[in-house]
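**Student:** Counting in numbering that gives the first Met the number 0, the final residue of the sequence shown is number 97, and the numbers go up one at a time with none missing. Got a structure for you, written out below as structure tokens; questions coming shortly.
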Amino acid sequence: MDKEEMLFHLSQILKDVALGKYQPLPQGVPLSEPEKEKLKEHTLEALQVAMNELAKDLNLPNDLKKALCLSESDLERLCRKKDMQAGFSEQNLCNVGK
């Protein structure tokens with residue numbers, strides 16, 4: 000597997016973690032919600048650092064690098080979009096049958 004493919008896979012994991020679809024949790028250790036949120040932040044940061052290190056030596060077009068290695072603001076937009084979609088879905092569910 001080449002570095003570009005590795006970046007693609009890490010990018011997908013990063014997006015899944017940011018959207019709450021996946022969260023690595025320690026086995027057998029109960030965590031509070033604030034602890035889970037902190038672990039999520041650390042996971043996102045670790046993935047971003049690893050991806051930027053991996054991409055550093057690659058000659059990727061800027062558009063591709065930006066799409067694969069999301070910035071903090073990109074992640075914030077992604078999370079806001081998820082929250083808006085969740086709110087919209089809940090609103091639609093509440094209006095069913097009215």
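Glycine included, each C-beta is placed from N, C-alpha and C at the ideal position. All of these numbers come straight from a predicted model, not from anything done at the bench.
(1) When the Cα of R76 is compared with those of K2, K14, P29, L9, which residue comes out closest?
(2) Is DSSP giving L63 helix, strand or coil here?
(3) Could you check whether L6 and L67 sit closer than 8 Å to each other, using their CB atoms as the reference points?
(4) Have a look at A49 and T42 and give me their C-alpha separation to the nearest angstrom.
(5) Run through DSSP, which three-state label would L24 get?
(6) From this set, N51, S31, V28, which residue's C-alpha is nearest E3's C-alpha?
(7) Can you grab the Cα-Cα spacing for the pair E34 / Y21, in whole Å?
**Tutor:** Per the coordinate set shown:
(1) Ranking the options by Cα distance to R76, first place goes to K14.
(2) If DSSP states are grouped into helix, strand and coil, L63 belongs with the helices.
(3) In contact: L67 and L6 (Cβ atoms closer than 8 Å).
(4) Between the C-alpha atoms of A49 and T42 there is a straight-line separation of about 11 Å.
(5) Here L24 sits in coil by DSSP.
(6) Minimum Cα distance to E3 is reached at N51.
(7) Taking C-alpha positions only, E34 is separated from Y21 by approximately 15 Å.
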